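Residue numbers (the working numbering): 672 to 854.
Shown next, in the form of C-alpha cells:
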C-alpha cells in the first residue's frame, strides 16, 4: 500500500508548476544600532559594500501568482586599511510573487530574521540577534515559461534585537540583482 501511495505521489509531482529562483545583488545599505548610524559610531570615513542573495522555491497558485519559501540575506561591510566590520542579516519566510503583465515580476517577503555579525578588529565585541525582516523586489523576467533570468532591484530591511546588549540592529539595503528563474 505504501509503495502504491509513493508511486502516485511521484507521478503527480510533474503536473505541479514549480517555481525556483536564485541570485546575487550588489548595492548600498545603511546599518543602525539603537537609531545611531554605524558610520557615525565606529567608522565615519570607511568604505562600504552591500551584497544580497536570495533563493526561493514554491508553486503556482494561479496564472500570474506564485507562493514560495525564501531564504535571503544582506551583508553590509565597512572596511578601511585591511580592517573590517560586517553586519549580516538573513530572512526566512514566505514570498508572494506576482506577474501583473508578462515579463514584469513583483514580489514581497516577510519573515523571521537573524544576524551573523563579524569583525577582525581586536577588542570590538560583536553580538548576534533575532527579529523580523521584509523584502520587496521588482524585476524584468527574460522568459515567459521555463527558464530565464530576473534583472531587477531589491529592497531589504530587517530589525533584530542583539543578544547580551539588547540593542536594536536595523539594516536597510537596496541592491541591483540578477537571478536564475525556473517556472
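All C-beta atoms, glycine included, are put in the ideal place defined by N, C-alpha and C.
Computed from a prediction, not measured in an experiment: that's the story for all the values here.
Residue range of the unbroken beta strand (DSSP E) whose run includes residue i
i, result
"residue 792", "Counting along the chain, residue 792 falls outside any beta strand (DSSP E), and DSSP gives it neither H nor E."
"residue 825", "818 to 833"
"residue 727", "718 to 733"
"residue 863", "Within the shown structure, residues of the chain are numbered from 672 to 854, placing residue 863 beyond reach of any answer."
"residue 839", "839 to 853"
"residue 753", "Where residue 753 is concerned, there is no enclosing beta strand (DSSP E), given that its DSSP letter is neither H nor E."
Residue interval of the alpha helix (DSSP H) (run including residue i)
i, result
"residue 712", "709 to 712"
C-beta contact flag for residue i and residue j at 8 Å
i, j, result
"residue 800", "residue 831", "yes"
"residue 788", "residue 741", "no"
"residue 818", "residue 776", "no"
"residue 693", "residue 811", "no"
"residue 843", "residue 701", "yes"
"residue 755", "residue 716", "no"
"residue 802", "residue 780", "no"
"residue 747", "residue 719", "yes"
Sheet register partners of residue i (DSSP bridge)
i, result
"residue 759", "746"
"residue 776", "810"
"residue 836", "Answer by DSSP bridge pairing: none, since residue 836 is not bridged."
"residue 675", "DSSP, once it has assigned bridges, lists no residue as partnering residue 675."
"residue 765", "740"
Anticipated Cβ contact below 8 Å, residue i with residue j, distance rounded
i, j, result
"residue 846", "residue 721", "6 Å"
"residue 709", "residue 761", "The pair is not a contact, with the Cβ atoms about 18 Å apart (cut-off 8 Å)."
"residue 767", "residue 784", "Their Cβ separation, rounded to whole angstroms, is 17 Å, which puts residue 767 and residue 784 out of contact at 8 Å."
"residue 738", "residue 725", "That pair is no contact at about 15 Å."
"residue 771", "residue 735", "7 Å"
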